[in-house]
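**Q**
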Ligand SMILES: [Fe+2]
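Residue numbers (this note's numbering): 8 to 329.
(1) Just mark residue 4 as buried or exposed, buried being the case when its beta carbon has 16 or more other beta carbons within 10 Å.
(2) Is the beta carbon of residue 1 sitting closer than 9 Å to the one on residue 225?
(3) I'd like the span of the alpha helix (DSSP H) that includes residue 185, first residue to last.
(4) Using the Cβ count rule (16 or more neighbours within 10 Å means buried), how would you classify residue 257?
(5) By the DSSP assignment, the beta strand (DSSP E) with residue 272 in it spans what residues?
(6) Taking 8 Å as the line, does the beta carbon of residue 281 fall inside it for any heavy atom of ligand 1?
(7) Return yes when the C-beta of residue 278 is under 8 Å from any heavy atom of ligand 1, and no when it is not.
(8) Bridge partners of residue 251, per DSSP?
(9) Please classify residue 291 as buried or exposed, where buried requires at least 16 neighbouring CB atoms within 10 angstroms.
(10) Is the beta carbon of residue 168 less than 9 Å from the beta carbon of residue 245?
(11) Does the separation of the CB atoms of residue 214 and residue 165 fall below 9 Å?
(12) For residue 229 and residue 313, I'd like the C-alpha separation in whole angstroms.
(13) Assuming residue 273 and residue 306 are in contact, meaning their beta carbons sit under 8 Å apart, how far apart are those beta carbons, in whole angstroms?
(14) Give the DSSP-derived three-state secondary structure of residue 161 in the structure shown.
(15) Kindly identify the DSSP beta-bridge partner or partners of residue 301.
(16) Check whether the Cβ of residue 142 lies closer than 8 Å to any heavy atom of ligand 1, and answer yes or no.
(17) Could you tell me if residue 203 is buried or exposed, where buried requires 16 or more neighbouring beta carbons within 10 angstroms of its beta carbon?
(18) Quick check: what's the CA-CA separation for residue 221 versus residue 154?
(19) Determine whether the beta carbon atoms of residue 301 and residue 194 lie at a separation below 9 Å.
(20) DSSP on residue 310, reduced to helix/strand/coil?
(21) Quick one: give me the first and last residue of the alpha helix (DSSP H) that residue 206 is part of.
(22) One question on the structure: do residue 135 and residue 284 come within less than 9 Å of each other, judged by their Cβ atoms?
(23) Roughly how many angstroms lie between the CA atoms of residue 150 and residue 117, to the nearest whole one?
(24) Using C-beta distances below 6 Å, list every residue in its chain close to residue 170, excluding the 5 sequence neighbours before and after it, in chain order.
(25) If I follow the unbroken alpha helix (DSSP H) through residue 286, where does it start and stop?
(26) Could you check if residue 294 is buried or exposed, using at least 16 other CB atoms within 10 Å of its CB as the buried criterion?
(27) Report whether the distance from the Cβ of residue 183 to the nearest heavy atom of ligand 1 is below 8 Å.
(28) For residue 69, is the classification buried or exposed, using 16 other Cβ atoms within 10 angstroms of its Cβ as the cut-off for buried?
Written out as structure tokens, the structure reads:
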């Protein structure tokens, strides 16, 4: 059977899967390397062989092209159809899949350089404390999502207030995560933490008599905590200030018996991992040095927010009592 000569505007297209198809010639629709054109005008492999032989191309593609003329745009669409469908499928899954259970808790970076708190806290202690200890709480908490799927839907801070519903492993690691986030935030390099606001200072003087008295009572809470734990300055629901201490990774936000509830304004980590490299067993030295790092700007912000909340609650209660 003698095939008709190749149409001057057709060429051979070889797809990635080596299946041959014909398309009508359209230089604008045939980027180099994507098509293996056979017509002399298109410069494909088949065309080059045919040109050397001084004969029109007789390749299969050229011959088929004379039988089936398919617009180049159609072939381009066909060649892109599979990847296009794959992308559309992926996009649909992304848009319409409910919030995944792997919405992990994240370890935030330190808000300053690891060496920024020296000499009170050395860079090695900060690095290990943040990367390994805080990092471990985050990793452990994420590992608990599978067995406690509601963790994937709850805000970390809100979780503290409902921690009694969860196993002790969640309590320890969720507490450890939140406690350390607040801990990094209430510290700043020396002379960069500002000073207590007039309102906070007035509240401190009213509750403790003086800033020195506050620090003395706070230091007692920090050194008196047996084993590992935290010392806190809190704003109680009635708006008054108090000093308290919690064991392990508990905190004043937790709905647990034996914990004095309040909004933490200032929380100090007295686990040995927070100070042992530099201070060994001298916890009081660590606590005293730590006061030079307090970020009063952050404490002021927390105090203003908590007192506002207390005022709002008080306003509501007075409405109901009238
Ligand atoms: Fe810690």
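Each residue gets a CB set at the ideal place from its N, CA and C atoms; glycine is no exception.
**A** Let's see:
(1) Outside the displayed span of the chain (8 to 329) sits residue 4, for which this structure offers no information.
(2) In the structure as shown, the chain begins at 8 and stops at 329. Residue 1 is therefore absent and cannot be evaluated.
(3) To locate residue 185, count along the chain shown from 1; it is residue 178. Unbroken alpha helix (DSSP H) run through residue 185: 175 to 192.
(4) Start at 1 with the first residue of the chain shown, and residue 257 comes out as number 250. Classification for residue 257: buried.
(5) Position 265 of the chain shown, counted from the first residue, corresponds to residue 272. Element bounds for residue 272: 270 to 276.
(6) Working through the chain shown from its first residue, we reach residue 281 at position 274. Yes, the Cβ of residue 281 comes within 8 Å of a heavy atom of ligand 1.
(7) For this step, residue 278 is matched to residue 271 along the chain shown. Yes; taking the cut-off as 8 Å, the Cβ of residue 278 has a heavy atom of ligand 1 nearer than that.
(8) Position 244 of the chain shown, counted from the start, is the residue given in the question as residue 251. DSSP output for residue 251 lists 239 as bridge partner(s).
(9) Stepping through the chain shown from its first residue, residue 291 is reached at position 284. So residue 291 counts as exposed.
(10) Working through the chain shown from its first residue, we reach residue 168 at position 161. Working through the chain shown from its first residue, we reach residue 245 at position 238. Against a cut-off of 9 Å, the Cβ pair of residue 245 and residue 168 comes out as no contact.
(11) Here residue 214 is taken as the residue at index 207 of the chain shown, counted from 1. Here residue 165 is taken as the residue at index 158 of the chain shown, counted from 1. Not in contact: residue 214 and residue 165 (Cβ atoms no closer than 9 Å).
(12) On the chain shown, residue 229 is found 222 positions in, with the first residue counted as 1. On the chain shown, residue 313 is found 306 positions in, with the first residue counted as 1. C-alpha separation (whole angstroms): 23 Å.
(13) What you label residue 273 is simply residue 266 of the chain shown in a count that begins at 1. What you label residue 306 is simply residue 299 of the chain shown in a count that begins at 1. With 8 Å as the limit, residue 273 and residue 306 qualify as a contact, their Cβ atoms being about 5 Å apart.
(14) The residue given as residue 161 occupies position 154 in the chain shown. Residue state, collapsed to three classes: coil.
(15) One-based indexing of the chain shown puts residue 301 at position 294. Answer is 194, bridged to residue 301.
(16) For the purposes of this step, residue 142 is taken as the residue at position 135 of the chain shown. Checking the Cβ of residue 142 against ligand 1 gives no.
(17) On the chain shown, residue 203 is found 196 positions in, with the first residue counted as 1. When all chains shown are included, residue 203 counts as buried.
(18) Within the chain shown, the letter at position 214 stands for residue 221. Within the chain shown, the letter at position 147 stands for residue 154. Residue 221 and residue 154: Cα-Cα distance of roughly 42 Å.
(19) As a working mapping, residue 301 is identified with position 294 in the chain shown. As a working mapping, residue 194 is identified with position 187 in the chain shown. Yes.
(20) For this step, residue 310 is matched to residue 303 along the chain shown. Looking at residue 310 - three-state DSSP - the assignment turns out to be helix.
(21) Numbered from its first residue, the chain shown carries residue 206 at position 199. 205 to 215 is the extent of the alpha helix (DSSP H) around residue 206.
(22) If you number the chain shown from 1, residue 135 lands on position 128. If you number the chain shown from 1, residue 284 lands on position 277. Yes; because the gap between Cβ atoms is below 9 Å, this pair is in contact.
(23) Residue 150 sits at position 143 when you count from the first residue of the chain shown. Residue 117 sits at position 110 when you count from the first residue of the chain shown. Distance between the alpha carbons of residue 150 and residue 117: 23 Å.
(24) Numbered from its first residue, the chain shown carries residue 170 at position 163. Here the set comprises 178, 261.
(25) Numbered from 1 along the chain shown, position 279 holds the residue referred to as residue 286. 283 to 286 is the span of the alpha helix (DSSP H), which, as asked, contains residue 286.
(26) Start at 1 with the first residue of the chain shown, and residue 294 comes out as number 287. It counts as buried.
(27) Translated into the one-based positions of the chain shown, residue 183 becomes position 176. Checking every heavy atom of ligand 1 against the Cβ of residue 183, one is found closer than 8 Å.
(28) Counting from 1 along the chain shown, the entry for residue 69 is found at position 62. Any reading at residue 69 is ruled out, since the residue's pLDDT is 41, under 50, leaving its predicted position unreliable.
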